[in-house]
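See structure below.
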């Protein structure tokens, strides 16, 4: 009788050990997959490779389905959607055909809506995560397709960006989004291109190698008609990263327009 009991105990112990090893193996595999997806997303953003961003997004979505309690996984899904919105915005700048621009705008609005759902999931799990608020704010801005949606989503975006800075006033990407808020907001509603540019210049002074700072400053100069300042800013960006696709586009475009 004792032998039977001992065998059962050993079998149970072996089963528990195997279960623990399997759990560790699965957890490590999921962690490796997430880290791989993060690298893929970073590379896609850096090289303007939509396919890599899409691949990263699908990995994050799969992981979010397996782990519904990890706010960071949902955040990365939302971040990938934001990167795809940025790609659409860049393609809109390049294309001359009005119909194609409208198609891309519709796609951007759709992507933004899908991304917001994941930002909301992340914030439901951890409301005080600054980056999820920042990404949600940026996605809401990308949902703007006209005056009516601008009034609605612009205000919602502002709330999210300010909340991101309230949680972490050192969040440099939220600072950039705040500058964009001033630049894009109508002057009658408190917008100020000058204020936005001042914020971006301060960011660059503190973070002299931050590509996003130079890119947004160059675009702000370009859209306000300050083409010489825009060209100078994009050239500085190319000194940091000679392969920056968007900076090269603007430099060539400004050179051709002279």
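Residue numbers (this note's numbering): 22 to 279.
We put the beta carbon where it would ideally sit given N, CA and C, even for glycine.
As the structure is a prediction and not an experimental result, all values here were calculated from the model.
The beta carbons of residue 164 and residue 193 sit no closer together than 7 Å. Counting along the chain, no alpha helix (DSSP H) covers residue 189, and no H or E run does either. For residue 220, the enclosing alpha helix (DSSP H) starts and ends at 214 to 227.
Judged by their CB atoms, residue 92 and residue 143 are nearer to each other than the 7 Å cut-off. Looking at 59, 137 and 110, the one whose alpha-carbon comes closest to that of residue 124 is 110. Around the beta carbon of residue 64, fewer than 16 other beta carbons lie within 10 angstroms, which makes this residue exposed.
Per DSSP, the continuous alpha helix (DSSP H) segment holding residue 74 begins and ends at 71 to 87.
In the structure shown, residue 149 falls within a coil segment according to DSSP collapsed to helix, strand and coil. Setting aside the 5 residues that flank it on each side, residue 252 is surrounded in the same chain by 275, each with a C-beta closer than 6 Å to its C-beta; the list follows chain order.
A residue is called buried once 16 or more other Cβ atoms fall within 10 Å of its Cβ, and residue 155 is buried on that count. Going by DSSP, residue 275 is part of the alpha helix (DSSP H) stretching over 266 to 277. Beyond the five residues adjoining it in sequence on each side, residue 166 comes within less than 7 Å, by CB distance, of 126 and 130 in the same chain, given in chain order. For residue 116, the three-state secondary structure derived from DSSP is coil.
Only residues of its own chain outside the window of five on either side were considered, and among them 261 have a CB closer than 8 Å to the CB of residue 230, listed in chain order.
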